[in-house]
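Enquirer: Residue numbers for the sequence shown follow the working numbering, so the first one is 238 and each next one is one higher.
For every residue, glycine included, the Cβ atom is placed at its ideal position computed from N, Cα and C.
As the structure is a computational prediction, the values presented were derived from the model and not from experiment.
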Amino acid sequence: MLGLSAQAASAQSPAAAPPSAPAPFTARLGERVRPVAVILHPDGGLALRADALAAALGGQLLRDPVRAGRYRFEVGAVGLDIEQGTSLVIAGDDTLVLGREVIRAAGALYVPVALAADLLPRLGTGVLFDAEKREIRRFAPVSSGRRASDATQRPASVPATASVRAEPDRTAVRAPETRAGNRQRIVVVDAGHGGRDNGMSGPIGGGPRIYEKNVTLAVSKQLQRALEDRGVRVVMTRTADTLIGLYDRGPIANAAKGDLFVSIHVNAANPKWKNPGAARGFETYFLAEAKTEDERRVAAMENEAVKFETKADVSGDDPLGFIMRDMAQNEHLRESMQLASLIQGAMRTVHPGPNRGVKQAGLVVLVTAFMPAVLVEIGFGTNPAEASYITNPQRQAELAERLADAIVRYLAKYERKVGG
């Protein structure tokens, strides 16, 4: 291994879970069955003991002898570079997101359950995850489409933040159809805020007053038209100035059996910033733990809309329900990140502001949408120039066209992945 110790990071036999920990999961490799210790992750959900999981699946966990906290998790021909304190995983040339950080507890390394429930099954390791039986099974590995050397010979290196490359804009294509019954793809478009929840208002320093709820509805309707022109069926969470609860928007998308959820919003500068009225640009969020102060600011700003609701069905008191929802969302993290990247790449071709990049935060509106889901901040309404830009019907239509191109391009990529 490149730069890695040949010894396992810790003993192959899993230690018993602490008395307060949940019951162990079972890992099955052929006729061999082993327990894998489980703990509650401090950020929610479950975490599995990494060395026990690797050993039970016929693999190994290796410690980087140079950099403390960095490890190599190997199963078959697939190698994953993980690092304590980060939620990112490197597999070959891909940077993947776990949704929760890799942690150390009671002297052992623990990985979020998403690594076994989502990443390993998708990477051609032959791993299947059965949540109901609390069982992880490994069968004969299936080719993942990449050379084994790509997955196993990459030096262990986990960057501090995900690097997402935006793709250049290309000619718009029509939405693909599925192979099973040629079902028309469904995109749920969510116009942020509404009713007595105005969202942000601006701009700072004077100019025509704008309210976020009006801008998001106008752009969402333009996006609906652009997508329908491309053969996509669109479900709107609202089509008028009405208040839709943050916890109700995801269930609307689920009930519609949506393939994607796209929430449109307008950003606002922090009044405490130096010259807040000068803040400009566009950014797209997917659901994961916020890593920066600005990501936490946006999450707090968008989640504040809960106060306008008379009743919010959080359903957060049931531990099993929380775990199942967490696993369902983790399944779509990487897809959401790729969709966000395509959206940023498309918007930069027309938007006059700076590309603020793909970001992540704990946004309530995305929590209950069990599908690839993103929140798009189309500009700063607190900036006079951008407030004028995002309220111009021609510019709104232009932005909607680019958003539609990115969405259809994502659907085409997804269709090739599952259809090929």
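Given 8 Å as the limit, is there contact between the region 596-605 and the region 477-497, that is, 3 or more CB pairs closer than that?
Expert: Contact holds: three or more Cβ-Cβ distances are below 8 Å.
Enquirer: How big is the Cα-Cα spacing for Asn451 and Asp280?
Expert: Along the sequence shown, read from residue 1 onward, the residue named residue 451 stands at position 214. Along the sequence shown, read from residue 1 onward, the residue named residue 280 stands at position 43. Cα-Cα distance, rounded: 35 Å.
Enquirer: How long is the line joining the alpha carbons of Leu454 and Asp478, rounded to whole angstroms?
Expert: Within the sequence shown, numbered from 1, the residue matching residue 454 stands at position 217. Within the sequence shown, numbered from 1, the residue matching residue 478 stands at position 241. Whole-angstrom Cα-Cα distance: 8 Å.
Enquirer: So, using beta-carbon positions, are Val456 and Ala637 closer together than 9 Å?
Expert: Along the sequence shown, one-based indexing puts residue 456 at 219. Along the sequence shown, one-based indexing puts residue 637 at 400. Their beta carbons are under 9 Å apart, which means Val456 touches Ala637 by this criterion.
Enquirer: From this set, Ile481, Ile276, Asn435, Gly344, which residue's C-alpha is nearest Gly306's C-alpha?
Expert: Looking up residue 306 in the sequence shown gives position 69. The shortest C-alpha separation from Gly306 is found at Gly344.
Enquirer: Tell me which residue opens and which closes the beta strand (DSSP E) that Ala264 is part of.
Expert: Numbered from its first residue, the sequence shown carries residue 264 at position 27. Segment 262-266, the beta strand (DSSP E) holding Ala264.
Enquirer: Taking 8 Å as the threshold, find out whether the region 637-647 comes into contact with the region 462-475 through three or more Cβ pairs.
Expert: Enough Cβ pairs lie closer than 8 Å, so yes.
Enquirer: Arg375 to Leu290, Cα distance in whole Å?
Expert: Sequence index remark: in the sequence shown, residue 375 carries index 138 (1-based). Sequence index remark: in the sequence shown, residue 290 carries index 53 (1-based). Approximately 11 Å between the Cα atoms of the pair.
Enquirer: Find out if the Cβ-Cβ distance for the pair Ala490, Met584 is shorter than 9 Å.
Expert: Counting from one through the sequence shown, the residue named residue 490 turns up at place 253. Counting from one through the sequence shown, the residue named residue 584 turns up at place 347. No, Cβ-Cβ distance for Ala490 and Met584 is not below 9 Å.
Enquirer: Rounded to whole angstroms, what is the Cα-Cα separation between Gly329 and Arg422?
Expert: Numbered from its first residue, the sequence shown carries residue 329 at position 92. Numbered from its first residue, the sequence shown carries residue 422 at position 185. For Gly329 and Arg422, the distance between alpha carbons rounds to 31 Å.
Enquirer: Tell me which residues share the same chain as Pro261 and place their Cβ nearer than 7 Å to its Cβ, disregarding the 5 neighbours each side in the sequence.
Expert: For the purposes of this step, residue 261 is identified with residue 24 of the sequence shown, where counting begins at 1. Around Pro261: Ala254, Pro272, Val273, Ala274, Val275.
Enquirer: If you follow the beta strand (DSSP E) that Ser500 is part of, which residue opens it and which one closes it?
Expert: As a working mapping, residue 500 is identified with position 263 in the sequence shown. Start and end: 497-504.
Enquirer: Which value, in whole angstroms, describes the spacing of the CA atoms of Asp318 and Val348?
Expert: Residue mapping note: residue 318 aligns to position 81 of the sequence shown, counting from 1. Residue mapping note: residue 348 aligns to position 111 of the sequence shown, counting from 1. Between Asp318 and Val348, the C-alpha separation is close to 12 Å.
Enquirer: Assuming Ile615 contacts Phe519 (C-beta within less than 8 Å), just tell me the rounded distance between them.
Expert: For this step, residue 615 is matched to residue 378 along the sequence shown. For this step, residue 519 is matched to residue 282 along the sequence shown. Ile615 to Phe519, Cβ: 6 Å. Contact.
Enquirer: Which full runs of the beta strand (DSSP E) of 3+ residues lie inside the region 311-380, going along the chain?
Expert: The qualifying runs are 315-320, 325-328, 331-334, 340-342, 345-349, 364-367, 372-375.
Enquirer: Can you tell me which residues form a DSSP beta bridge with Asp642?
Expert: Residue mapping note: residue 642 aligns to position 405 of the sequence shown, counting from 1. Partner(s): none; Asp642 has no beta bridge.
Enquirer: Thinking C-alpha only, which one of Leu283, Val503, Gly316 is nearest Gly296?
Expert: Position 59 of the sequence shown, counted from the first residue, corresponds to residue 296. Residue Gly316 is the option with its Cα nearest to Gly296.
Enquirer: Which residues in the same chain as Ser400 place their Cβ atom closer than 8 Å to its Cβ, once the five residues preceding and following it in sequence are excluded?
Expert: As a position in the sequence shown, residue 400 is number 163, starting the count at 1. Here the model assigns Ser400 a pLDDT of 30, short of 50, so the residue's position is not dependable, and the following value carries that caveat. Excluding positions up to five away in sequence, the list reads Thr332.
Enquirer: By DSSP, does Glu652 sit in helix, in strand, or in coil?
Expert: For this step, residue 652 is matched to residue 415 along the sequence shown. Three-state DSSP puts Glu652 in a helix.
Enquirer: Pick out whichever of Val645, Val303, Arg269 has its Cα sitting closest to the Cα of Gly468.
Expert: Counting from one through the sequence shown, the residue named residue 468 turns up at place 231. Closest by alpha carbon: Val645.
Enquirer: Take the Cβ of Val312 as the centre, count every other Cβ of all protein chains shown within 10 Å, and call the residue buried at 16 or more, exposed below.
Expert: Position 75 of the sequence shown, counting from 1, holds the residue named residue 312. Val312 comes out buried.
Enquirer: Under a three-way DSSP split, which group does Arg300 fall into?
Expert: For the purposes of this step, residue 300 is taken as residue 63 along the sequence shown, with counting starting at 1. Correct three-state label for Arg300: strand.
Enquirer: With DSSP collapsed to three states, give me the class of Arg269.
Expert: As a first step, residue 269 must be located in the sequence shown, where it is residue number 32. Residue state, collapsed to three classes: strand.
Enquirer: Can you give the Cα-Cα distance for Gln597 and Ala525, rounded to whole angstroms?
Expert: By one-based count along the sequence shown, residue 597 stands at place 360. By one-based count along the sequence shown, residue 525 stands at place 288. About 5 Å.
Enquirer: Less than 9 Å between the beta carbons of Ala292 and Ala342, yes or no?
Expert: Indexing the sequence shown from 1 puts residue 292 at position 55. Indexing the sequence shown from 1 puts residue 342 at position 105. Contact: no.
Enquirer: So, helix, strand or coil for Ala622, using DSSP?
Expert: The residue you call residue 622 lines up with position 385 of the sequence shown. Helix at Ala622.
Enquirer: From the DSSP secondary-structure annotation, give me the bridge partner or partners of Thr521.
Expert: The residue you call residue 521 lines up with position 284 of the sequence shown. Thr521 is bridged to Val595, Val613.
Enquirer: Return the CA-CA distance between Arg533 and Thr263, expressed in angstroms with no decimal places.
Expert: Within the sequence shown, the letter at position 296 stands for residue 533. Within the sequence shown, the letter at position 26 stands for residue 263. Their Cα atoms are separated by approximately 37 Å.
Enquirer: Could you check if Met437 belongs to the surroundings of the ligand PLP, using beta carbon to heavy atom distance under 8 Å?
Expert: No copy of the ligand PLP appears in this structure; indeed no ligand is present at all.
Enquirer: Out of Glu320, Val587, Lys509, Leu570, point me to the one whose CA is closest to Ala606's CA.
Expert: Looking up residue 606 in the sequence shown gives position 369. Cα-wise, what sits closest to Ala606 is Leu570.
Enquirer: Taking the alpha helix (DSSP H) that Ile489 belongs to, which residues open and close that run?
Expert: In the sequence shown, the residue the question calls residue 489 occupies position 252. Looking at the DSSP string, the run of the alpha helix (DSSP H) that includes Ile489 is 483-492.
Enquirer: Go ahead and label Arg517 buried or exposed: buried means 16 or more other beta carbons lie within 10 angstroms of its beta carbon, across all protein chains shown.
Expert: Against the sequence shown, residue 517 aligns to sequence position 280. Buried is the call here.
Enquirer: Identify the residues that DSSP records as bridge partners of Gly443: which are they?
Expert: Locating residue 443 in the sequence shown gives position 206, where the first residue counts as 1. Gly443 is not bridged to any residue.
Enquirer: Look up Gly431 in the DSSP assignment and say whether it is helix, strand or coil.
Expert: For this step, residue 431 is matched to residue 194 along the sequence shown. Reduced to three states, the DSSP call for Gly431 is strand.
Enquirer: Could you check the C-alpha separation between Ala493 and Val611 for me, to the nearest Å?
Expert: The count along the sequence shown starts at 1 and reaches residue 493 at position 256. The count along the sequence shown starts at 1 and reaches residue 611 at position 374. Straight-line Cα distance between these residues: approximately 17 Å.
Enquirer: Going by CA-CA distance only, name the one from Pro621, Glu539, Ala624, Leu579 that's closest to Val428.
Expert: For the purposes of this step, residue 428 is taken as residue 191 along the sequence shown, with counting starting at 1. Per the sequence shown, the amino acid found at residue 428 is Ala instead of Val. The shortest Cα separation from Ala428 among Pro621, Glu539, Ala624, Leu579 belongs to Glu539.
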